[in-house]
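Protein sequences, first through last, are from chains A and B.
The first sequence begins at 1 in our numbering and counts up one residue at a time.
The second sequence begins at 1 in our numbering and counts up one residue at a time.
Glycine included, every Cβ here is placed at the ideal spot set by N, Cα and C.
See below for the structure under consideration.
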Amino acid sequence: MDIKMDISILALLPTLLPLFAGALILIAKAFLNEKAQDRTTELAGIIGLLLPWIPMMLLLPRILAGESPTLVIGGWSYGTGIFFKFDGLAWALNALTLLLCAGAWVYSRSSGPRGPVFTIMFLIQVASCCAAMSTLDVFNLFVCMEVMGMTSYVLIAQAKTPGSYVASFTYLMSSAATMLLFLIGVYGLYRLTGALDYNAIQQFLSQCSVEESRFASLCAICMIIPIVLRAAIMPLSGWLLLAHSQAPHSISAVLSGVLLKVPLFALVRLLLIFPSGGTLGLAISFAGALGALLAVLLALVQSDAKRLLAYHSISQTGYVAAALGAAIAPLQGSNPGLGLVLLVAAYLHALGHGIFKGLLFLSVGNLMDVAKQRNVYLIQGGVSVLKRSGDSLGLTGFSFAVGALSIAAMPPFIGFATKGYISKFLAENHLYGLLAAASVLTVASFIKLSRIFVSFPSSSSAQKTESNQEAPMRKTSLDDDHPHLGSGRLSSVVGLALLCIAGGLLAPQLFRFGILLFDSLLQGSPSLYPLSVRPPELFVLNDLTQTALTIPAGLIISLLISSKTGQRLTHGISGHIASFETIFLGMGVALIALAIQI
Amino acid sequence: MTARILMAGIFLVGMWGVVADKNMMRKVFGLTIITSAVVLLFVVEGGSVGTAAPIMEAGVYNIVDPVPQALMLTAIVIGVCVTALALALVCRIYAATGTLDIEEAAKRMGDGH
């Protein structure tokens with residue numbers, strides 16, 4: 001019994017180790033000189049981002065055996081203290097967080113920002129992400145979400161540009177105001193059930209009256225809206241464009257890969273306790289699929305490279321939301337086996353998107369820093385420009401190609417497998433058409449973006465450059481102060497590119513691993529998806545033909561958009577920045593749409 | 001009921017400040033007002049079940065529900081942090097762009113470089 005308790009305590013370490021590492025930096029900042037501070041910051045990064053893997057690996061056999069280590073922090077009685085449950089979902093999301101944050105941190109050590117304040121905030125963010133997935137208490141979820149939010153606001157502002165301050169302020173105001181809606185939902189649930197922990201609330205709701213169930217659904221809506229805003233699902237994604245495009249490159253990668261996904265998977269836990277969770281899940285699924293299409297349409301017309309990538313974050317998160325939302329009703333009982341495979345497909349795409357989008361932000365960031373330019377129509381010959389800045393092997397260009405092929409769902413990269421799984425399991429769903437159209441447009445968008453690496457300056461673009469962006473482009477001649485790409489920058493993009501390849505090749509194994517991890521979510525049910533069942537086959541002629549057809553379709557759309565007429569027609573849309581009114585109008589629309597569902 | 005209607009009014013006033021006012025300082029004030037309305041809501045709810053302070057001693061009966069009050073201590077701390085951070089950002093934006101109007105600041109920020 002004692003040994004079992006000790007092992008359960010390990011579940012706290014992925015949250016505590018990053019916090020401990022942050023405290024170490026604070027102590028070093030107070031008492032040590034600059035050189036020692038720098039060494040302590042490196043040590044803290046290792047403690048906070050690598051050491052948590054040890055308790056996670058120790059807990060993995062128990063989780064795979066269907067157990068979920070639980071503990072109440074501080075030895076308080078159940079229902080009073082903070083209740084932690086480290087199940088397969090928590091393990092999977094913690095793994096995603098630690099993997100992507102480690103890559104982004106290595107990159108930031110080379111490219112900046114990298115001071116003690118940055119690292120402390122970064123580590124607190126990691127801790128809050130880990131805690132959000134393990135907590136089973138609605139108020140603690142609120143606290144974790146707020147800490148995640150506050151660290152994001154500070155990290156975005158670390159770019160120290162006017163744009164980053166405005167982006168951070170916009171995100172702060174929209175997110176903080178909607179989080180109060182979450183608090184009102186908590187108030188309603190507490191008033192109804194007299195409890196804050198998921199199990200007690202679920203128990204109450206399973207035997208409540210129709211009126212009480214309807215009131216609980218209203219509370220659920222109040223809690224869903226802020227989470228959907230954090231996950232940037234349309235129409236609540238207005239804040240994201242500024243935040244992701246103005247943040248430092250490493251933070252853009254983390255915001256896109258981790259900060260959009262953790263709230264979404266925390267929402268799964270929450271929806272599963274409500275009787276109306278399935279209905280609300282379907283609404284989120286529809287919003288996700290529609291958002292996936294609309295966002296990629298907007299991405300196509302962008303001229304700012306990072307804003308284009310930001311729109312793709314909304315689009316790809318829409319894929320994840322479409323699968324996750326559709327998984328809730330089956331998981332609640334109608335077809336747990338289907339719910340489980342949808343959940344696994346959603347997680348794998350979240351993981352895949354985290355890796356390839358992180359890779360795209362970092363590789364495009366390398367080129368933007370060297371070229372001192374963000375306009376995709378003005379950056380030319382990226383590979384040769386990068387060579388002159390220390391990337392003699394063309395590693396950034398190669399890594400970008402891997403990321404672009406992944407997001408465009410080309411075999412054998414990870415995006416092909418993860419999008420393939422979602423398509424297979426949603427093939428009978430009416431949302432499939434929206435996702436298929438979004439896939440074609442994604443190909444078009446990345447053909448357009450790829451020009452920045454492969455094209456060479458033409459006379460017309462050179463003239464345009466001289467007239468429009470004289471000062472920034474002069475610096476691309478690299479005669480004066482051109483940045484040198486450090487080994488940290490190159491190793492992090494190459495590492496992520498290798499993960500994209502490995503993830504694609506090992507997708508069937510990852511799928512089986514996901515089934516084993518998430519099987520424990522089906523409380524009381526025997527394993528519904530035995531290991532003997534093979535994951536769906538992806539390399540079949542029909543699927544490969546469909547994938548091949550997206551290339552010429554994407555090429556035609558890309559040529560149309562990139563033509564002079566296309567650029568002129570889309571110019572007004574590409575520069576649009578969401579106002580506060582637009583963001584809150586989106587919130588109102590989402591509230592009404594969800595209320596209609598119940 | 002009157003108290004709850006009053007709090008809904010306070011909430012809407014704060015929300016109007018956040019959404020409709022272009023001045024960033026007034027937006028921060030709006031956020032603080034919304035936070036206060038939600039805190040009041042919790043405290044009033046906790047007080048609806050009793051009147052005495054929740055001090056667990058002999059002879060103390062009819063206490064208010066202490067859980068909402070405990071929760072609100074955390075929420076107030078978070079609210080203060082968010083407000084401080086928002087004000088710091090407003091200072092930085094004003095120093096960089098010379099305006100408190102959020103739309104004007106967004107126009108003047110350029111491309112961030």
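What separation, rounded to the nearest whole angstrom, lies between the Cα atoms of residue 258 (chain A) and residue 354 (chain A)? Residue numbering aside, residue 258 (chain A) sits at position 258 when the first sequence is read from its first letter. Residue numbering aside, residue 354 (chain A) sits at position 354 when the first sequence is read from its first letter. Rounded to the nearest angstrom, the two C-alpha atoms are 7 angstroms apart.
Tell me the rounded alpha-carbon separation between residue 388 (chain A) and residue 397 (chain A). Locating residue 388 (chain A) in the first sequence gives position 388, counting from the first residue. Locating residue 397 (chain A) in the first sequence gives position 397, counting from the first residue. Going by the C-alpha atoms only, they are around 13 angstroms apart.
Is there contact here, the stretch 109 to 122 of chain A with the stretch 84 to 95 of chain A, by at least three beta-carbon pairs under 8 angstroms? no
How would you call residue 592 (chain A), buried or exposed, if buried means at least 16 neighbouring beta carbons within 10 angstroms? Stepping through the first sequence from its first residue, residue 592 (chain A) is reached at position 592. Its Cβ having fewer than 16 others within 10 Å, residue 592 (chain A) is exposed.
Given that residue 2 (chain B) touches chain A, what residues does it touch there, using C-beta distances under 7 angstroms? The sequence position of residue 2 (chain B) within the second sequence is 2, counting from 1. Those do not exist, as residue 2 (chain B) stays about 18 angstroms from chain A at its closest Cβ, beyond 7 angstroms.
Where do the ends of the beta strand (DSSP E) carrying residue 72 (chain A) lie? The residue labelled residue 72 (chain A) in the question sits at position 72 within the first sequence. 70 to 72 is the extent of the beta strand (DSSP E) around residue 72 (chain A).
Opening and closing residue of the beta strand (DSSP E) in which residue 27 (chain B) lies: The sequence position of residue 27 (chain B) within the second sequence is 27, counting from 1. Careful: residue 27 (chain B) lies outside any beta strand (DSSP E), inside the alpha helix (DSSP H) at 24 to 47.
What are the complete alpha helix (DSSP H) segments, minimum 4 residues, inside the stretch 311 to 399 of chain A? 336 to 371 and 382 to 387
Taking a contact to mean a Cβ-Cβ separation below 8 angstroms, would you say residue 35 (chain B) touches residue 181 (chain A) in this structure? Position 35 of the second sequence, counted from the start, is the residue given in the question as residue 35 (chain B). Position 181 of the first sequence, counted from the start, is the residue given in the question as residue 181 (chain A). In this structure, residue 181 (chain A) does not lie closer than 8 angstroms to residue 35 (chain B) by Cβ.
Which chain A residues sit within Cβ distance under 8 angstroms of residue 103 (chain B)? In the second sequence, residue 103 (chain B) corresponds to position 103, counting from 1. In chain order: 579.
Does DSSP put residue 21 (chain B) in a helix, a strand or coil? Mapped onto the second sequence, residue 21 (chain B) falls at position 21. In the structure shown, residue 21 (chain B) sits in coil (DSSP, three-state: anything other than H, G, I, E or B).
Which chain A residues are close to residue 89 (chain B), counting only those with a beta carbon under 8 angstroms from its beta carbon? Position 89 of the second sequence holds residue 89 (chain B). Those within 8 angstroms of residue 89 (chain B) in chain A are 153, 157, 165, 168, 169 and 172.
Could you tell me whether the Cβ of residue 100 (chain B) comes closer than 8 angstroms to any Cβ of chain A? Counting from 1 along the second sequence, the entry for residue 100 (chain B) is found at position 100. Judged by the 8 angstroms Cβ criterion, residue 100 (chain B) is not in contact with chain A.
How close, in whole Å, do the beta carbons of residue 128 (chain A) and residue 148 (chain A) come, if the pair is a contact with beta carbons under 8 angstroms? In the first sequence, counting from the first residue as 1, residue 128 (chain A) sits at position 128. In the first sequence, counting from the first residue as 1, residue 148 (chain A) sits at position 148. With 8 angstroms as the limit, residue 128 (chain A) and residue 148 (chain A) qualify as a contact, their Cβ atoms being about 5 angstroms apart.
Please decide whether residue 92 (chain B) counts as near chain A, where near means a Cβ-Cβ distance under 8 angstroms. For the purposes of this step, residue 92 (chain B) is taken as the residue at position 92 of the second sequence. Closer than 8 angstroms to some Cβ of chain A, the Cβ of residue 92 (chain B) qualifies, so yes.
Count the C-beta pairs between the stretch 248 to 258 of chain A and the stretch 149 to 159 of chain A that are closer than 8 angstroms, then say yes if the count reaches three, no if not. yes
Could you name the residues that DSSP lists as bridge partners for residue 83 (chain A)? Sequence index remark: in the first sequence, residue 83 (chain A) carries index 83 (1-based). DSSP output for residue 83 (chain A) lists A:72 as bridge partner(s).
Please report the straight-line C-alpha distance between residue 20 (chain A) and residue 263 (chain A), rounded to a whole angstrom. What you label residue 20 (chain A) is simply residue 20 of the first sequence in a count that begins at 1. What you label residue 263 (chain A) is simply residue 263 of the first sequence in a count that begins at 1. Residue 20 (chain A) and residue 263 (chain A): Cα-Cα distance of roughly 24 angstroms.
When A:360, A:222, A:555 and A:419 are compared against residue 321 (chain A), the one with the closest alpha-carbon: For the purposes of this step, residue 321 (chain A) is taken as the residue at position 321 of the first sequence. Among A:360, A:222, A:555 and A:419, the Cα nearest to that of residue 321 (chain A) is on A:419.
Own chain residues within Cβ distance below 8 angstroms of residue 440 (chain A), not counting five before or after: Along the first sequence, read from residue 1 onward, the residue named residue 440 (chain A) stands at position 440. Cβ neighbours of residue 440 (chain A) beyond the five flanking positions: 550, 553, 554 and 557.
Residue span of the alpha helix (DSSP H) that contains residue 63 (chain B), given as start and end: Counted from its first residue, the second sequence places residue 63 (chain B) at position 63. Run containing residue 63 (chain B): none; DSSP gives neither H nor E here.
Below 8 angstroms on the Cβ atoms is my contact criterion, and I expect residue 360 (chain A) with residue 400 (chain A) to pass it. Report the Cβ-Cβ distance as a whole number of Å. As a working mapping, residue 360 (chain A) is identified with position 360 in the first sequence. As a working mapping, residue 400 (chain A) is identified with position 400 in the first sequence. About 7 angstroms; that satisfies the 8 angstroms criterion.
So for residue 53 (chain B), helix, strand or coil by DSSP? Sequence index remark: in the second sequence, residue 53 (chain B) carries index 53 (1-based). Three-state result, residue 53 (chain B): coil.
First through last residue of the alpha helix (DSSP H) which encompasses residue 213 (chain A): Working through the first sequence from its first residue, we reach residue 213 (chain A) at position 213. Taken as a continuous stretch (DSSP letters only), the alpha helix (DSSP H) holding residue 213 (chain A) covers 210 to 230.
Exposure of residue 463 (chain A), with buried meaning 16 or more beta-carbon neighbours within 10 Å: One-based indexing of the first sequence puts residue 463 (chain A) at position 463. For residue 463 (chain A), the pLDDT reaches just 44, beneath the cut-off of 50, and the residue's location in the model is therefore unreliable, although a value from the coordinates is still provided. Under this definition residue 463 (chain A) is an exposed residue.
In DSSP terms, what residue 197 (chain A) is bridged to: Here residue 197 (chain A) corresponds to residue number 197 of the first sequence, with the count starting at 1. In the DSSP output, where bridge partners are listed per residue, residue 197 (chain A) has A:137.
For chain A, find out if any of its Cβ atoms is closer than 8 angstroms to the Cβ of residue 49 (chain B); answer yes or no. In the second sequence, the residue the question calls residue 49 (chain B) occupies position 49. By this cut-off, residue 49 (chain B) is not an interface position.
With a threshold of 8 angstroms, are at least 3 pairs of Cβ atoms found where one atom belongs to the stretch 369 to 385 of chain A and the other to the stretch 319 to 339 of chain A? no
What does the alpha-carbon distance come out to for the pair residue 448 (chain A) and residue 216 (chain A)? Taking the first sequence and counting its residues from 1, one reaches residue 448 (chain A) at position 448. Taking the first sequence and counting its residues from 1, one reaches residue 216 (chain A) at position 216. Looking at the two C-alpha atoms, the distance is approximately 47 angstroms.
Less than 7 angstroms between C-beta atoms, sequence neighbours within five positions excluded: which residues of the same chain meet that for residue 310 (chain A)? Position 310 of the first sequence, counted from the start, is the residue given in the question as residue 310 (chain A). Within the same chain, residue 310 (chain A) has close Cβ partners 240, 241, 244 and 245.
Cβ atoms of residue 52 (chain B) and residue 63 (chain B): under 8 angstroms apart, would you say? By one-based count along the second sequence, residue 63 (chain B) stands at place 63. By one-based count along the second sequence, residue 52 (chain B) stands at place 52. Against a cut-off of 8 angstroms, the Cβ pair of residue 52 (chain B) and residue 63 (chain B) comes out as a contact.
Taking C-beta to C-beta, are residue 7 (chain B) and residue 31 (chain B) nearer than 8 angstroms? To locate residue 7 (chain B), count along the second sequence from 1; it is residue 7. To locate residue 31 (chain B), count along the second sequence from 1; it is residue 31. No. Outside cutoff.
Taking a contact to mean a Cβ-Cβ separation below 8 angstroms, would you say residue 10 (chain A) touches residue 58 (chain A) in this structure? Mapped onto the first sequence, residue 10 (chain A) falls at position 10. Mapped onto the first sequence, residue 58 (chain A) falls at position 58. For residue 10 (chain A) and residue 58 (chain A), yes; Cβs fall inside 8 angstroms.
Quick one: measure Cβ to Cβ for residue 173 (chain A) and residue 580 (chain A), integer angstroms, because I've assumed they're closer than 8 angstroms. Position 173 of the first sequence, counting from 1, holds the residue named residue 173 (chain A). Position 580 of the first sequence, counting from 1, holds the residue named residue 580 (chain A). Rounded, the Cβ-Cβ distance is 7 angstroms, consistent with contact.
What does the alpha-carbon distance come out to for the pair residue 133 (chain A) and residue 508 (chain A)? Here residue 133 (chain A) refers to the residue found at position 133 of the first sequence. Here residue 508 (chain A) refers to the residue found at position 508 of the first sequence. Approximately 25 angstroms, taken between the alpha carbons.
Cβ-based burial, residue 484 (chain A) [other Cβ within 10 Å; buried from 16]: In the first sequence, the residue the question calls residue 484 (chain A) occupies position 484. It is exposed - the Cβ of residue 484 (chain A) has fewer than 16 other Cβ atoms within 10 Å.
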